[in-house]
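Scroll down for the structure; my scribbles are underneath it.
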Amino acid sequence: MAAQLWTASANNAVLHSALDFLPSSTQRIVNILRIEQPYFVRCVLNLPLFFAQTVHAETAVPKWLITGSTDKDIRIYDAKAIKHQEQAISSSRPLHKPAPSATLKTVSNGWFGALKAHWHEVNCLRIWIDSQTHKPWLVSSGLDGTLRKWELTTLQRRFAPHIGTHSIPIHAEPASHTKKEPQFKL
103 MAAQLWTASA NNAVLHSALD FLPSSTQRIV NILRIEQPYF VRCVLNLPLF FAQTVHAETA
163 VPKWLITGST DKDIRIYDAK AIKHQEQAIS SSRPLHKPAP SATLKTVSNG WFGALKAHWH
223 EVNCLRIWID SQTHKPWLVS SGLDGTLRKW ELTTLQRRFA PHIGTHSIPI HAEPASHTKK
283 EPQFKL
């Protein structure tokens, strides 16, 4: 039986590994894929894995891998494109690295957009399910002392036309400034 492990690193990469828990396995950890980014990666959130393990698994969610980094941005990757590349490349060869200039062009590793998220580095990404509407929200925290949130359906509408083409940056508003949204704890 193998489990998936996604790790963020200060070496500007996200690493996808498979963990084999069978007693007969000779190699417990197999590195499958390395995705390089232009800055230190502080956090990673795999939406398909998150929703597969929750009671909200029936919610239609995008197949995205989301990362937060020291450049204050949140990057969104197409997990389906990553999956296809996992099958096509060896584990020792990294995918192409997005340019530090953060031009919002699609690169070969499935990166198709970025959110201008914080004024300091992003250090945590989570999904919050609104208890009243049952809608999922992407929530981030940053070293700037703020929580930011985006409704996933809004992000889907914004990014859907841009998958595979240029993307438009989306700016968050601090969670404390929204009037109608319920308060929540992380």
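With our numbering, the residue at position 105 of the sequence shown is 207, and numbering never jumps. Beta carbons: idealized from backbone N, C-alpha and C, even for Gly.
- For leucine 107, the uninterrupted beta strand (DSSP E) segment begins and ends at 104 to 110.
- In this structure alanine 110 is buried. Its beta-carbon is surrounded by 16 or more other beta-carbon atoms within 10 angstroms.
- With contacts defined by Cβ atoms closer than 8 Å, aspartate 180 and phenylalanine 214 form a contacting pair.
- Histidine 220 places its beta carbon less than 8 Å from that of threonine 248.
- Glycine 170 is a Cβ neighbour of serine 242, given a cutoff of 8 Å.
- It is roughly 17 Å from the alpha-carbon of lysine 182 to the alpha-carbon of alanine 216.
- Taking the C-beta atoms as reference points, leucine 117 is found nearer than 8 Å to arginine 136.
- Sorting Ile229, Ile176 and Pro238 by C-alpha distance to the C-alpha of glycine 244 places Ile176 at the top.
- Annotation for proline 150: the continuous alpha helix (DSSP H) segment containing it runs 149 to 154.
- For leucine 107, the closest alpha carbon among the candidates Pro140, Phe142, Leu147 and Trp230 is that of Leu147.
- Ranked by how close their Cα comes to the Cα of valine 132, the residues Leu227, Pro140 and Asp122 have Asp122 in first place.
- At a Cβ-Cβ threshold of 8 Å, isoleucine 168 and leucine 149 count as neighbours.
- Short of 6 Å from the beta carbon of alanine 112, and not among the five residues preceding or following it, lie these beta carbons of its own chain, in chain order: Phe142.
- C-alpha of threonine 235 to C-alpha of alanine 105: approximately 32 Å in a straight line.
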